[in-house]
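Heads up, the sequence shown is in our numbering, so the first residue is 1116 and it goes up one at a time.
Beta carbons are placed, not taken as given, at the ideal position from N, Cα and C, and that holds for glycine.
Below is one structure; the comments refer to it alone.
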Amino acid sequence: MLRSPTSRSTGLPTLDARTDFQRARRAQAARRAARWLARRRREPGHLPTLPDAAPLAGGRPTLEVIPLASIVGTVEPAPHFDAGFRPRSELVRARWERIALAHRRGISLPPITVVEGPGGFYVVDGRHRVSVALALGLRDINAWVTRATRRTRHERRPSCP
């Protein structure tokens, strides 16, 4: 069964967006408690960032629909989200709820920006949109995708005269 943004709807989008945020925060707290109880220290509680050794992003970005499950981290550290893009802080509430409200009202949002890296995609811009989309049970998201390129041994930077 597919879940849609209106699967848990009261008909009042503002109230529903507020409830969506509260549900996402509870999910984050439950996950944190489960990690603590299981004493799994190997699993990070924060979003992974793009490794420094990753290939350089290059080329023109292309607009694509990508599965949310293929997003594995962010380019920069994101202390307000856990490893599942659930909000870790009340500081993101206002923005998160505005995005959830836009989803519930059917307002289109700009595509996120991602870089393809090791194991999947890393978010450059759009962490809140990814968090909301995951909380609402969406499977895909529009994204500007930049493919990573590797510099070969024979490729040199242009020299200055």
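Assignment of beta-bridge partners to P1182 by DSSP yields D1255. Listed as beta-bridge partners of E1231 by DSSP are F1236. Under the three-state reduction of DSSP output, A1149 falls in the helix class.
Scanning its chain for C-beta atoms nearer than 7 Å, with the 5 sequence neighbours on each side dropped, one finds around G1241 the residues I1227, T1228, in chain order. Residue environment for V1180: exposed (fewer than 16 other C-beta atoms within 10 angstroms of its C-beta). P1192 counts as exposed, since fewer than 16 other C-beta atoms from the protein chains shown sit within 10 angstroms of its C-beta. Under the DSSP assignment, L1249 falls in the alpha helix (DSSP H) whose first and last residues are 1242 to 1250. Restricting attention to W1151, S1204, R1123, the CA atom closest to the CA of R1141 is found in S1204. The residue from V1247, H1243, G1235 with its alpha-carbon nearest to that of T1261 is G1235. Looking at the DSSP output, V1260 shares a beta bridge with T1177, V1229. Distances from the alpha-carbon of A1184 to those of A1198, I1214, T1177, G1126 put A1198 closest. Shown here for P1128: same chain residues with a beta carbon closer than 6 Å to its own, the five before and five after excluded, namely L1216, R1219, R1220 in chain order.
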